[in-house]
Amino acid sequence: MKNIAILLSLAFIAACSSNQAQIESSVQGRPAVEQRALTNAMEDALSPIDFTMFEGYVSNVQVQGLTERDLQFVQGYIENRILSVGGRVTRNVEAAEYQVNLVLNVIGGDRVGSNYFIFSTERIVGEFSGRFIVVDNQNNVLMSVMLSASEAERLR
Numbered sequence: 028m029k030n031i032a033i034l035l036s037l038a039f040i041a042a043c044s045s046n047q048a049q050i051e052s053s054v055q056g057r058p059a060v061e062q063r064a065l066t067n068a069m070e071d072a073l074s075p076i077d078f079t080m081f082e083g084y085v086s087n088v089q090v091q092g093l094t095e096r097d098l099q100f101v102q103g104y105i106e107n108r109i110l111s112v113g114g115r116v117t118r119n120v121e122a123a124e125y126q127v128n129l130v131l132n133v134i135g136g137d138r139v140g141s142n143y144f145i146f147s148t149e150r151i152v153g154e155f156s157g158r159f160i161v162v163d164n165q166n167n168v169l170m171s172v173m174l175s176a177s178e179a180e181r182l183r
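Just so we're on the same page, this note's numbering is the position in the sequence shown counted from 1, plus 27.
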């Protein structure tokens with residue numbers, strides 16, 4: 028009888044759980060928890076970059092990736108980092124002293140973990156990786172760095 032109660036308890040817990048890695052392909056707004064995970068992953072990945080090298084220079088920033096979903100946000104983030112150290116930003120490639128190019132391999136979030144009735148381990152894992160390249164107006168490569176980071180945010 029005790030074994031049956033244990034088996035029923037285990038079956039109940041297993042029935043109230045799910046393991047998942049959710050993949051979404053539609054373009055829509057991200058939930059706040061996913062936004063935090065992605066932004067934190069991006070900030071961690073870009074932390075080795077010394078943006079003071081852009082002080083006093085005019086830069087053009089280009090970001091490429093597999094989808095258009097987050098490219099404007101990433102471009103704006105990098106442009107703001109350049110502006111915050113006293114650099115200038117232009118959309119005109121010909122007027123730029125530095126060409127900044129970020130080719131994204133991954134930017135996205137996955138929902139992972141187990142969702143038990145009481146004990147949930149579900150979280151959003153934000154991942155950001157790509158190559159950050161800076162070229163001056165004489166085609167000298169000043170920097171070429173592979174960036175990568177992931178951050179997890181627990182679902183509430």
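Cβ atoms here follow ideal geometry from the backbone N, Cα and C, with glycine treated the same way.
This structure is a prediction, so every number in the text was calculated from the model and none was measured.
- Pairing Asn67 with Gly153 gives a Cβ-Cβ distance under 8 Å.
- Each residue's CA atom was taken as its position, placing Val133 and Phe155 some 5 Å apart.
- The DSSP-derived three-state label of Ala176 is strand.
- In the three-state reduction of the DSSP assignment, Asp163 falls in the strand class.
- Close CB contacts of Leu93 within its chain, under the 8 Å cut and outside five residues either way in sequence, are with Leu131 (chain order).
- According to the DSSP assignment, Val88 belongs to the beta strand (DSSP E) that extends over 85-91.
- Contact between Ile105 and Val88 holds, with the beta-carbon distance rounding to 5 Å and staying under 8 Å.
- According to the DSSP assignment, Ser74 belongs to no alpha helix (DSSP H), since it is labelled neither H nor E.
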